[in-house]
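Heads up, the sequence shown is in full-length UniProt numbering, so the first residue is 1 and it goes up one at a time. A short write-up of the structure that comes next.
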Amino acid sequence: MSEALRPHLGPHELFASWYIRQERNELITLVGDADRLLGSQRLPLAPVRELLREWERQIEDITARRGVGAPRRPPPLGDLPDLVQQLGACAIPDALRDAARDPRYRRLVALPDGLIHSMPIDLVVVRAAMLPITRVFVDGVVTAPSAASFVYARGKSRDESAPFAALLLKQGDADLEEEVETVRKALPFPSTVVRHRDQLAELNERISLLYVASHGETSTPGRVGDHELGFDWRIEFDGGGGALQADDFYSGEIRLRPGAVVVISACSVGQVAAGPMHELRGMVNALFYAGAANVLAARWPLPYETARHVFAGTVRDHYRDGTALASALRSNLLSAIYDPTIRALVRPGQWPFFFGPFVLAGAG
């Protein structure tokens, strides 16, 4: 795997992969750069699985963030910041911890497997490296469902001629209307607002940016298996506008311009933590198939204020200033962390929920 991946890495990029070996209850990790493999390590899977299931349980606990109901008892494994620290100790291999401290490595390409997709890798690596977030992977973190999908995304040539954006909008939502207008004003090329599925089909192979300002839905019930991909996702249009789902991309009915960027700026990609993690993997694969080279989304439902700040800001900086997507995402995430309006929403012990869901899958 590392031999196929390394030729596609830049001189300042590092890769880390996590592979779950169920029959031996272990987590196999590889870390390397464009020139060599820096280390491989076998980690016990059981403690990582226990921590991530507790992580998913707490991510779903809305009352913890709203401060309603009876006082909460301290969780047995600790609050979200405690889980980040413990994951840093048991899910981050020594080679990655050491490389994260090396300023030569400016970007991480992360290849998680199964339930590792639910781990906020950027936050966990920072905690494991014991450095300020401003000093770790300063050009951001890129992820992919697999090494093959990363190589596929990196190999897609981006068509820069006559760029065009389509912005999918949920009707009747004033906040999302404002977000879409903010994005449109920041784009240095034409765009249109799409309110019906058929409108999107009419734009086949024209769309270089697909910005989804709507709410995702999933009918995937309960928890899915560690290796199961969730393809049962859909984006609903209001007022009889139809729905957009994975089959539309796999069938070729909806086709993006080669190398397109897709942003799924929704306060909810799905319904429960375990579902959207795997649902997101299925979504990324479908969008890659349709022509996308980058998909920016969230691992779990998050407050609208945070989503608008990070997603709209990333698009603005990428297209207006020419900043690489991964770098623009990191810059706007740091900006959100220090934004007083967003910080006012964050209750004690809940900051990883607000700042940990963002993921950029693809070429970066």
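Ideal placement from N, C-alpha and C gives every residue a C-beta, glycine not left out. Values in this document were obtained by computation on a predicted structure and should not be read as measured data.
Could you pull the start and end residues of the beta strand (DSSP E) that E178 belongs to? The count along the sequence shown starts at 1 and reaches residue 178 at position 178. Note, E178: premise wrong, no beta strand (DSSP E); alpha helix (DSSP H) at 174 to 186.
If we call anything under 8 Å between Cβ atoms a contact, is residue 366 one with A91? The structure shown has nothing for residue 366, since the chain only spans 1 to 364.
Nearest residue (CA-CA) to D35, options Y105, G78, D98, D82: If you number the sequence shown from 1, residue 35 lands on position 35. For the residues Y105, G78, D98, D82, the minimum Cα distance to D35 belongs to Y105.
Nearest-angstrom Cβ-Cβ length linking T29 and P93, presumed shorter than 8 Å: What you label residue 29 is simply residue 29 of the sequence shown in a count that begins at 1. What you label residue 93 is simply residue 93 of the sequence shown in a count that begins at 1. At roughly 4 Å, the Cβ-Cβ gap stays under 8 Å, so T29 and P93 are in contact.
Using only the alpha-carbon positions, how far apart do G252 and L296 sit? Along the sequence shown, read from residue 1 onward, the residue named residue 252 stands at position 252. Along the sequence shown, read from residue 1 onward, the residue named residue 296 stands at position 296. Going by the C-alpha atoms only, they are around 21 Å apart.
Per DSSP, what are the beta-bridge partners of G364 in this structure? Residue numbering aside, residue 364 sits at position 364 when the sequence shown is read from its first letter. None, per the DSSP bridge assignment.
Work out the CA separation of W300 and residue 371 for me, nearest whole Å. Only positions 1 to 364 of the chain appear in this structure, which leaves residue 371 out of reach.
Per-residue burial, M130 [other beta carbons within 10 Å of its own, 16 or more giving buried]: Against the sequence shown, residue 130 aligns to sequence position 130. Exposed is the call here.
Length of the line joining the Cα atoms of residue 365 and I121: Only positions 1 to 364 of the chain appear in this structure, which leaves residue 365 out of reach.
So, is N25 buried or exposed, given that buried needs 16 or more other C-beta atoms within 10 angstroms? Translated into the one-based positions of the sequence shown, residue 25 becomes position 25. Classification of N25: exposed, given that the 10 Å Cβ count is below 16.
Would you identify the three-state DSSP class for T323, choosing helix, strand or coil? Indexing the sequence shown from 1 puts residue 323 at position 323. Looking at T323 - three-state DSSP - the assignment turns out to be coil, as it is neither helix nor strand.
Cα-Cα separation between V263 and L333, rounded to whole angstroms: By one-based count along the sequence shown, residue 263 stands at place 263. By one-based count along the sequence shown, residue 333 stands at place 333. Whole-angstrom Cα-Cα distance: 15 Å.
For A153, which of P340, E3, A290, R343 has the nearest alpha-carbon? Sequence index remark: in the sequence shown, residue 153 carries index 153 (1-based). That would be A290, whose Cα lies nearest to the Cα of A153.
So F137 packs on L5, CB below 8 Å; how close in whole Å? Taking the first residue of the sequence shown as position 1, residue 137 is located at position 137. Taking the first residue of the sequence shown as position 1, residue 5 is located at position 5. No, F137 and L5 are not in contact; Cβ-Cβ is about 17 Å, not under 8 Å.
Expressed to the nearest angstrom, what Euclidean distance is found between the alpha-carbon atoms of G313 and L203? Locating residue 313 in the sequence shown gives position 313, where the first residue counts as 1. Locating residue 203 in the sequence shown gives position 203, where the first residue counts as 1. Distance between the alpha carbons of G313 and L203: 25 Å.
Taking the C-alpha atoms as reference points, what is the distance between P221 and Q58? Here residue 221 is taken as the residue at index 221 of the sequence shown, counted from 1. Here residue 58 is taken as the residue at index 58 of the sequence shown, counted from 1. In this prediction, P221 scores a pLDDT of 39, lower than 50, which makes its location untrustworthy; the coordinate-derived value is nonetheless stated afterwards. Going from the Cα of P221 to the Cα of Q58 covers about 18 Å.
Where do the ends of the alpha helix (DSSP H) carrying R97 lie? By one-based count along the sequence shown, residue 97 stands at place 97. 94 to 100 is the span of the alpha helix (DSSP H), which, as asked, contains R97.
Within the continuous alpha helix (DSSP H) that includes D248, where are the two ends? As a first step, residue 248 is located in the sequence shown; it is residue number 248 there, counting from the start. Looking at the DSSP string, the run of the alpha helix (DSSP H) that includes D248 is 246 to 250.
Excluding the 5 residues flanking A144 on each side, which residues of the same chain have their C-beta closer than 7 Å to its C-beta? Here residue 144 refers to the residue found at position 144 when the sequence shown is read from its first residue. Closer than 7 Å at the Cβ level, and outside the excluded window around A144, lie L111, F150, A153, A361, G362.
Would you kindly report the start and end of the unbroken beta strand (DSSP E) that includes V31? Walking along the sequence shown from the start, residue 31 turns up at place 31. It spans 26 to 33 - the beta strand (DSSP E) in which V31 sits, taken as one unbroken run.
Check R308 in the structure and name its three-state DSSP category. Here residue 308 is taken as the residue at index 308 of the sequence shown, counted from 1. Looking at R308 - three-state DSSP - the assignment turns out to be helix.
Quick one: grab the DSSP three-state call for Q41. The residue you call residue 41 lines up with position 41 of the sequence shown. DSSP places Q41 in strand when its eight states are reduced to three.
Measure the C-alpha to C-alpha separation of L287 and E205 and round it to an integer number of angstroms. Taking the sequence shown and counting its residues from 1, the one referred to as residue 287 is at position 287. Taking the sequence shown and counting its residues from 1, the one referred to as residue 205 is at position 205. In a straight line, the C-alpha of L287 is about 13 Å away from that of E205.
List the endpoints of the continuous alpha helix (DSSP H) containing W351. As a working note, residue 351 is residue 351 in the sequence shown. Residues 351 to 355.
How about A260 and L209: do their beta carbons lie closer than 8 Å? Within the sequence shown, numbered from 1, the residue matching residue 260 stands at position 260. Within the sequence shown, numbered from 1, the residue matching residue 209 stands at position 209. Result yes, Cβ atoms of A260 and L209 sit closer than 8 Å.
G32: which of D173, G10, V180 sits nearest, CA to CA? What you label residue 32 is simply residue 32 of the sequence shown in a count that begins at 1. For G32, the nearest C-alpha among the options comes from G10.
Among residues of its own chain, excluding the 5 on either side of S265, which ones have a beta-carbon nearer than 6 Å to its beta-carbon? To locate residue 265, count along the sequence shown from 1; it is residue 265. A213, A307, F311.
Does the Cβ of E23 lie closer than 7 Å to at least one heavy atom of the ligand ADP? Of ligands this structure carries none, so the ligand ADP is not represented either.
How long is the line joining the alpha carbons of L80 and E54, rounded to whole angstroms? Stepping through the sequence shown from its first residue, residue 80 is reached at position 80. Stepping through the sequence shown from its first residue, residue 54 is reached at position 54. Cα to Cα, L80 sits roughly 9 Å from E54.
So, under 8 Å CB-CB, A166 and V194 are touching, yes? Tell me the CB distance rounded to an integer number of Å. The residue given as residue 166 occupies position 166 in the sequence shown. The residue given as residue 194 occupies position 194 in the sequence shown. At roughly 5 Å, the Cβ-Cβ gap stays under 8 Å, so A166 and V194 are in contact.
Candidates E179, A100, R347: closest to E13 by CA position: Counting from 1 along the sequence shown, the entry for residue 13 is found at position 13. Among E179, A100, R347, the Cα nearest to that of E13 belongs to A100.
State the DSSP-derived secondary structure class of S149, mapped to helix, strand or coil. As a first step, residue 149 is located in the sequence shown; it is residue number 149 there, counting from the start. S149: helix per DSSP, three-state reduction.
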